[in-house]
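Residue numbering for the sequence shown follows my numbering, starting at 1 and increasing by one per position.
Don't be surprised by glycine CBs; every beta carbon is placed ideally from N, CA and C.
Since the model is a prediction, treat every value here as computed from it, not as a measurement.
In what follows, a structure is listed as structure tokens, so that the remarks can point back to it.
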Amino acid sequence: MTFTYLNQPELFVGVSDENSRCDLCHQQKPCFDAAGFFGEDELTFVCPDCLSNGRLYEWDSYTCQGDVAELKRQLKSLHPALSKAELDDLADQKTLELEKTTPHLVTWQDWEWPCADGDYARFIGYGSKPLYKQLAGGSEAQSLFEKSIYYTLAEETDAEELWEDVPRKRIQDYADSSNYSTLFYVFKSLHSDQIITLWDSD
């Protein structure tokens, strides 16, 4: 199962153990739970094939919300020669791909999907001290964590104090994440090694 903006959905989102009727292709197969999708059209189940193939474009339903304002700011900085209309079109294309073809990531609170390097970033897992140590590649894991806090949370977050709440054990999957009342969502740029962290609590 491969999706541009979400790594290993079978671990972090999961599909139904039993076959369910996909609301888009009407076939019985393992599906994602679509009850948490946004939009006017209410869906119950969507299969991975329909989601990855863009079938959601035909519906008033989307799986997440991208940080469009920040995406446009980054694109303008990266492509100063493009007109506003061209930048808006490029941002719209990337946002539609994110919101219409990415599995729904269950979170405690609603927040906008982060951007990096002129694109939306890929969710790679739940934050833990072992994960940050692995990502730091020999560097200081806490320093990486503190620098990775997304700009929307940076001003209101004491990153040094928050590091104490980062789990000491690796969170393996969505089921494992339910054991924690504070979760850290780790994203990686599609175009560099930049790491982004969002966090929320129940």
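What residue does the alpha helix (DSSP H) around residue i start on, and which one ends it?
i           : result
residue 205 : This structure leaves residue 205 out entirely; the chain is present only between 1 and 202.
residue 176 : 174-177
residue 162 : 159-162
residue 152 : 151-154
residue 38  : Careful: residue 38 lies outside any alpha helix (DSSP H) and carries neither H nor E.
residue 3   : Per DSSP, residue 3 belongs to no alpha helix (DSSP H) and is neither H nor E.
Would you mind stating whether residue i and residue j have Cβ atoms separated by less than 8 Å?
i           : j           : result
residue 131 : residue 138 : no
residue 196 : residue 150 : yes
residue 184 : residue 118 : no
residue 80  : residue 13  : no
residue 187 : residue 122 : yes
residue 108 : residue 193 : no
residue 9   : residue 19  : no
residue 11  : residue 173 : yes
residue 168 : residue 133 : no
residue 68  : residue 91  : yes
Can you find the residues in the same chain that come closer than 8 Å, C-beta to C-beta, to residue i, ignoring five residues on each side of it along the sequence?
i          : result
residue 66 : 94, 95, 98, 99, 112, 113, 115 and 120
residue 40 : 60 and 61
residue 2  : 52
According to DSSP, is residue i helix, strand or coil?
i           : result
residue 94  : helix
residue 50  : helix
residue 57  : helix
residue 69  : helix
residue 188 : strand
residue 28  : strand
residue 16  : coil
Here's a check: name, in chain order, each residue in its chain whose Cβ is nearer than 7 Å to the Cβ of residue i, leaving out the five neighbours to either side.
i          : result
residue 70 : 115
residue 15 : 30, 31, 32 and 48
Within the same chain, show all residues whose beta-carbon is closer than 6 Å to that of residue i, passing over the 5 residues directly before and after it, in chain order.
i           : result
residue 25  : 50
residue 199 : 184
residue 55  : 24
Mind checking which residues open and close the beta strand (DSSP E) that includes residue i?
i           : result
residue 143 : Per DSSP, residue 143 belongs to no beta strand (DSSP E); it is in the alpha helix (DSSP H), 141-148.
residue 198 : 195-201
residue 126 : 122-126
Would you say the region 70-79 touches the region 36-55, given that touching needs at least three Cβ pairs under 8 Å? no
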